[in-house]
Amino acid sequence: MALQGDVREHLTALAAAGAAAGPVRRPEELAEVDGLVVPGGESTTISKLAVLFGLMEPLRARVRDGMPVYGTCAGMIMLADKILDPRSGQETVGGIDMIVRRNAFGRQNESFEAAVDVKGVEGGPVEGVFIRAPWVESVGAGAEVLAEHGGHLVAVRQGNALATSFHPELTGDHRVHGLFVDMVRACRAAESL
Ligand code: GLN
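Following this line, the structure appears as structure tokens:
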């Protein structure tokens, strides 16, 4: 999703994970893809631009239909069914039965990196880059927690929707994108049966 945020970094990570990735800005582009990444950036801006570009409703429909989506940081906020402290006019796509707290880990200058074990990612912890990152306050019955940091939930999956508080696209480690690309491949294979 190329409305705002660290789009280029995600395109690079997706390509490294074996996907044919391109930017999605318009509903016609959304209709063509098998999966979508919602990048890190500023969730209120992404939300408002999604409405402005006519992407919000078609995206909600595709997520409801089971299209794989992956959100990092601001993208995680976009995939939450509920935000604890939304700014005015801020909407989400939803898809994961979770409540997120924006900027939960503090301000920009409190950004940090930490090793995070992510369920489903083999080969040891990933380097989690947290930048004004949200955390997940709570998850509903349908959502699976994939990672915690400092007692807070930082990676969650529900069906074909994946979200991390941190930014694997800013590291050279593409294993989380690999997990997502595998989800997209599995979904495509199931649809072509
Ligand atoms: N704090 C930002 C927000 O609320 C997210 C920051 C990020 O994506 N790095 O949208």
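Residue numbers for the sequence shown follow UniProt numbering, so the first one is 1 and each next one is one higher. Yeah, the Cβ is synthetic: ideal placement off N, Cα and C, and Gly gets one too.
What did DSSP end up calling Gln158 once you bin it into helix, strand or coil?
Gln158 falls in the strand class under three-state DSSP.
So what's Ile131 in DSSP terms, helix, strand or just coil?
Ile131 sits in coil when the DSSP states are folded into three classes, being neither helix nor strand.
Got a sec? Which residues, its chain only, sit under 8 Å from Asp173 by beta carbon, not counting five neighbours each side?
Around Asp173: Val126 and Glu127.
Between which two residues does the alpha helix (DSSP H) carrying Val121 extend?
From DSSP, Val121 is part of no alpha helix (DSSP H); its letter is neither H nor E.
Using alpha carbons as the reference points, say which of Leu84, Cys73 and Pro39 lies closest to Leu14.
Ranking the options by Cα distance to Leu14, first place goes to Pro39.
Tell me, to the nearest whole angstrom, how far the beta carbon of Val51 is from that of Leu36; I am working on the premise that it is less than 8 Å.
Val51 to Leu36, Cβ: 16 Å. No contact.
Going by DSSP, which residues form a beta bridge with Met98?
Note: Met98 sits in a beta bridge opposite Val139.
Since Phe180 is in the alpha helix (DSSP H), which residue starts that stretch and which ends it?
Counting along the chain, the alpha helix (DSSP H) containing Phe180 begins and ends at Arg175 to Glu191.
Return yes when at least one heavy atom of ligand 1 lies under 7 Å from the C-beta of Ile99, else no.
Outside the cutoff, so no.
Ser43, buried or exposed, once every other Cβ within 10 Å from all chains shown has been counted against 16
Residue environment analysis places Ser43 among the buried positions, since at least 16 neighbouring C-beta atoms fall within 10 angstroms of its C-beta.
Roughly how many angstroms separate the alpha carbons of Leu79 and Ala114, rounded to a whole number?
Cα-Cα distance, rounded: 23 Å.
Following the continuous alpha helix (DSSP H) through Gly75, name the residue where it begins and the one where it ends.
Judged by DSSP secondary structure, Gly75 falls within the alpha helix (DSSP H) whose first and last residues are Ala74 to Leu79.
In whole angstroms, what is the alpha-carbon distance linking Gly66 and His152?
Answer to the nearest angstrom: the Cα atoms are 27 Å apart.
What residues are listed by DSSP as bridge partners for Gly71?
In the DSSP output, where bridge partners are listed per residue, Gly71 has Val38 and Ala163.
Residue environment, Gly140, which counts as buried when at least 16 other CB atoms sit within 10 Å:
Burial call: exposed.
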